[in-house]
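Chemist: The numbering of the sequence shown is the numbering used here, which starts it at 17 and goes up by one.
All residues carry an ideal CB built from backbone N, CA and C; glycine is no exception.
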Amino acid sequence: MPLKPAVEPAAGARVVLKPGQERRIQAGHLWIFSNEIDRVEGPAEPGCVASVQAAGGWTLGTAFYNPKSLIACRMLALEPVSIDEGFFERKLAEAIAFRERVRPLAKDYRLCFGESDGLPGLVIDRYGSVLVLQVLSAGMERSLDLIAGALQRLLSPSCIFLKNDHRARALEGLPAETRVYSGELPARAEIAENGLRLLAPLGEGQKTGYYFDQADNRAFLTPYFKDKLVVDLYCYTGAFSLAAARAGAKAVLGIDSSGPAIALARENAALNGLGEAATFEEDDAEAALRSFVEREQSFEPEMILLDPPSFVPSKKNLPKALRTYAKLNSMALRALPKGGLLATSTCSHHVSREIFVEMLRLAQAQARRPARLLALRGQGADHPVLLAMPETEYLHFALLEVL
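Set out below in structure tokens:
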């Protein structure tokens with residue numbers, strides 16, 4: 017059963033916080049947890065718009081409220097506002113204007129990054145005229161028609177596709193689904209990145225089809241790729257591999273366990289005339305890495321790209337995940353010669369920058385291979401970090417040199 021449309025705060029609930037719980041919101045954080053709420057007055061359905069008040073009686077702002085979620089309130093404004101199509105049009109216009117500054121002339125990027133764009137629980141990736149949405153909160157689910165209307169007015173997209181298969185939806189009491197909201201979805205979109213043409217699968221691919229968050233890091237690595245033998249582990253559809261090949265790597269080997277991803281990586285190589293410079297193999301990345309450590313392959317990497325999936329679906333998984341990350345990075349360091357380079361990443365907000373660096377210290381100690389930290393970077397500029405919300409900083413990237 018679809019959720020009801022969003023309503024104005026005057027017709028919705030009033031959420032009153034416990035004493036002292038307003039401080040984090042006043043500092044700029046956008047989440048209120050269920051254990052911080054004293055009481056809720058008025059009708060309160062999942063995803064309804066609510067007025068938020070401090071225990072002292074003053075209004076803190078307007079939020080989406082969901083009694084079924086641990087994140088009970090997601091702040092939309094620090095004042096009473098109407099959550100209508102005009103609200104979403106203003107917010108999305110600001111998001112688009114920001115991308116036009118940080119991605120001038122680009123038509124492929126992360127258009128909306130949830131909390132960082134003042135639209136908590138909404139992610140939008142733009143593939144030219146196709147928009148792929150991930151709706152991650154009950155409030156945004158109820159507001160979908162308003163959001164789509166605003167997007168039509170701003171961009172006139174040929175297709176709006178809902179890639180609502182993220183596990184976060186279950187925490188909001190929402191079902192997983194993927195469906196076309198409007199228009200006709202192409203099986204693939206061709207995007208442009210750093211001089212490359214890349215095909216992205218829109219209906220069945222990982223995330224929304226492509227990893228825009230690593231675009232700046234791929235560009236950063238350009239001078240380091242030249243004349244290197246490069247191994248790209250967890251290569252997906254080959255973006256890092258082809259960036260290396262285009263930058264003058266001697267040879268590039270991309271490895272991923274997904275057959276469809278490898279097939280598309282080969283297509284992307286051919287599309288860019290790099291089929292001879294970059295080759296791709298379907299294999300388990302960890303097993304392949306072990307074979308490089310044990311010198312079982314004739315390909316001896318001088319640079320390794322290690323961009324594994326998130327192993328941290330929740331905070332309770334963090335200790336085990338860090339052991340896995342450390343093992344993979346330790347093996348990569350052992351597989352490299354002196355002077356070799358390791359470009360490595362994690363992609364979970366549960367792994368802070370400090371924890372990421374400490375994991376790398378552990379990895380180099382386990383490998384007994386001293387390493388120099390050449391760079392410590394994060395997600396692309398179209399995935400901005402909201403300073404008051406550490407949760408919006410999720411991607412950490414490091415370039416190490418073996419000494």
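Pull up the CB-CB distance for E298 and D272, whole angstroms please, since I reckon it's below 8 Å.
Modeler: Position 282 of the sequence shown, counting from 1, holds the residue named residue 298. Position 256 of the sequence shown, counting from 1, holds the residue named residue 272. Indeed they touch by this definition, with Cβ atoms about 7 Å apart.
Chemist: Is it the case that the Cβ atoms of V31 and A88 are separated by a distance below 9 Å?
Modeler: Walking along the sequence shown from the start, residue 31 turns up at place 15. Walking along the sequence shown from the start, residue 88 turns up at place 72. Taking 9 Å as the Cβ cut-off, V31 and A88 qualify as a contacting pair.
Chemist: Looking at the unbroken alpha helix (DSSP H) that takes in V118, where does it start and where does it end?
Modeler: Here residue 118 corresponds to residue number 102 of the sequence shown, with the count starting at 1. Here the alpha helix (DSSP H) through V118 covers E101 to V118.
Chemist: Looking at C-alpha atoms only, which residue of K179, G189 and F129 is the closest neighbour of L86?
Modeler: As a first step, residue 86 must be located in the sequence shown, where it is residue number 70. Out of K179, G189 and F129, G189 has the C-alpha closest to the C-alpha of L86.
Chemist: Rounded to whole angstroms, what's the CA-CA distance from G221 to G72? Just pull it up for me.
Modeler: By one-based count along the sequence shown, residue 221 stands at place 205. By one-based count along the sequence shown, residue 72 stands at place 56. Distance between the alpha carbons of G221 and G72: 49 Å.
Chemist: Following the continuous alpha helix (DSSP H) through A122, name the residue where it begins and the one where it ends.
Modeler: One-based indexing of the sequence shown puts residue 122 at position 106. That residue, A122, is in no alpha helix (DSSP H); it is neither H nor E in DSSP.
Chemist: Going by DSSP in three states, Q150 sits in which element: helix, strand or coil?
Modeler: Residue mapping note: residue 150 aligns to position 134 of the sequence shown, counting from 1. Of the three classes helix, strand and coil, the one that applies to Q150 here is strand, per DSSP.
Chemist: Which of the three DSSP states is assigned to D133 in this structure?
Modeler: Along the sequence shown, read from residue 1 onward, the residue named residue 133 stands at position 117. In the structure shown, D133 sits in a helix (DSSP, three-state: H, G or I).
Chemist: Can you tell me whether DSSP reads A192 as helix, strand or coil?
Modeler: If you number the sequence shown from 1, residue 192 lands on position 176. Note: A192 maps to coil in three-state DSSP.
Chemist: So what does C251 bridge to, in DSSP terms?
Modeler: The residue given as residue 251 occupies position 235 in the sequence shown. According to DSSP, C251 bridges with nothing at all.
Chemist: Check whether the stretch 267-281 and the stretch 344-360 touch, using three or more Cβ-Cβ pairs below 8 Å as the test.
Modeler: The stretch 267-281, when compared against the stretch 344-360, does not touch it at the 8 Å Cβ threshold.
Chemist: List the residues that DSSP assigns as beta-bridge partners of A208.
Modeler: Position 192 of the sequence shown, counted from the start, is the residue given in the question as residue 208. DSSP, once it has assigned bridges, lists R213 as partnering A208.
Chemist: Just to confirm my understanding: we take D248, look at its own chain, exclude 5 residues before and 5 after, and list those with CB closer than 6 Å. What are they?
Modeler: Taking the first residue of the sequence shown as position 1, residue 248 is located at position 232. Contacts found: F256, S257, G270 and L321.
Chemist: Please name the residue or residues paired with N180 in a DSSP beta bridge.
Modeler: What you label residue 180 is simply residue 164 of the sequence shown in a count that begins at 1. N180 pairs with E193.
Chemist: In this structure, how does DSSP classify M91 when only helix, strand and coil are distinguished?
Modeler: On the sequence shown, position 75 is the one that residue 91 refers to. Of the three classes helix, strand and coil, the one that applies to M91 here is strand, per DSSP.
Chemist: How long is the line joining the alpha carbons of E101 and I207, rounded to whole angstroms?
Modeler: As a working note, residue 101 is residue 85 in the sequence shown. As a working note, residue 207 is residue 191 in the sequence shown. Cα-Cα distance, rounded: 29 Å.
Chemist: Can we say the stretch 104-115 touches the stretch 54-69, given the rule of at least three CB pairs closer than 8 Å?
Modeler: In short, these stretches do not touch, since the Cβ pair count stays below three.
Chemist: Give me, in chain order, the residues of the same chain whose beta-carbon lies closer than 8 Å to that of L138; leave out the 5 immediate sequence neighbours on both sides.
Modeler: Reading the sequence shown from its first residue, position 122 is the one you call residue 138. Cβ within range, chain order: C128, G130, L149, Q150, V151, L152, S153, M156 and I163.
Chemist: Are the CB atoms of E110 and G134 nearer to each other than 9 Å?
Modeler: Taking the first residue of the sequence shown as 1, we reach residue 110 at position 94. Taking the first residue of the sequence shown as 1, we reach residue 134 at position 118. For E110 and G134, yes; Cβs fall inside 9 Å.
Chemist: From G394 to Q37, what does the alpha carbon distance come to, in whole angstroms?
Modeler: By one-based count along the sequence shown, residue 394 stands at place 378. By one-based count along the sequence shown, residue 37 stands at place 21. Whole-angstrom Cα-Cα distance: 30 Å.
Chemist: Enumerate, from N- to C-terminal direction, the unbroken beta strand (DSSP E) stretches of 3 or more residues contained entirely within the stretch 283-364.
Modeler: Within the stretch 283-364, the complete beta strand (DSSP E) runs of at least 3 residues are 294-298, 319-322 and 357-363.
Chemist: Identify every residue that forms a DSSP beta bridge with W47.
Modeler: The count along the sequence shown starts at 1 and reaches residue 47 at position 31. Answer is R90, bridged to W47.
Chemist: Taking C-alpha atoms, which residue in K34, A301, C64 and G355 lies nearest to N51?
Modeler: Taking the first residue of the sequence shown as 1, we reach residue 51 at position 35. Comparing Cα positions, the closest option is K34.
Chemist: Have a look at A397, L415, G254 and S174 and flag the residue whose alpha-carbon is nearest the alpha-carbon of T408.
Modeler: Along the sequence shown, one-based indexing puts residue 408 at 392. Minimum Cα distance to T408 is reached at A397.
Chemist: What are the start and end residues of the beta strand (DSSP E) that includes A387?
Modeler: As a first step, residue 387 is located in the sequence shown; it is residue number 371 there, counting from the start. Per DSSP, A387 belongs to the beta strand (DSSP E) from A387 to G394.
Chemist: Where DSSP assigns a beta bridge to L411, which residues make up the other side?
Modeler: For this step, residue 411 is matched to residue 395 along the sequence shown. Bridge partners of L411: C363.
Chemist: How big is the Cα-Cα spacing for S174 and R115?
Modeler: Numbered from its first residue, the sequence shown carries residue 174 at position 158. Numbered from its first residue, the sequence shown carries residue 115 at position 99. Going by the C-alpha atoms only, they are around 20 Å apart.
Chemist: Is there contact between the stretch 397-406 and the stretch 224-238, where contact requires at least three CB pairs shorter than 8 Å?
Modeler: Touching, yes.
Chemist: So what's L378 in DSSP terms, helix, strand or just coil?
Modeler: What you label residue 378 is simply residue 362 of the sequence shown in a count that begins at 1. L378: helix per DSSP, three-state reduction.
Chemist: Going by DSSP in three states, V418 sits in which element: helix, strand or coil?
Modeler: Numbered from 1 along the sequence shown, position 402 holds the residue referred to as residue 418. Correct three-state label for V418: strand.
Chemist: So, with DSSP's three-state summary, where would you put D398?
Modeler: As a first step, residue 398 is located in the sequence shown; it is residue number 382 there, counting from the start. If DSSP states are grouped into helix, strand and coil, D398 belongs with coil.
Chemist: Figure out for me which residue from D141, Y227 and T295 has the closest Cα to the Cα of A260.
Modeler: Along the sequence shown, one-based indexing puts residue 260 at 244. Cα-wise, what sits closest to A260 is T295.
Chemist: Can you list, in chain order, the residues of its chain with a C-beta nearer than 8 Å to that of R339? Leave out the 5 residues immediately preceding and following it.
Modeler: In the sequence shown, residue 339 corresponds to position 323, counting from 1. No residues qualify anywhere along the chain.
Chemist: Apart from the five residues on each side of it in sequence, which residues of its chain come closer than 7 Å, Cβ to Cβ, to C363?
Modeler: Within the sequence shown, the letter at position 347 stands for residue 363. Once the five neighbours on either side are set aside, the close Cβ partners of C363 are S326, Y410 and L411.
Chemist: What do you get for S330, buried or exposed, if any count of 16 or more other CB atoms within 10 angstroms of its CB means buried?
Modeler: The residue you call residue 330 lines up with position 314 of the sequence shown. It is exposed - the Cβ of S330 has fewer than 16 other Cβ atoms within 10 Å.
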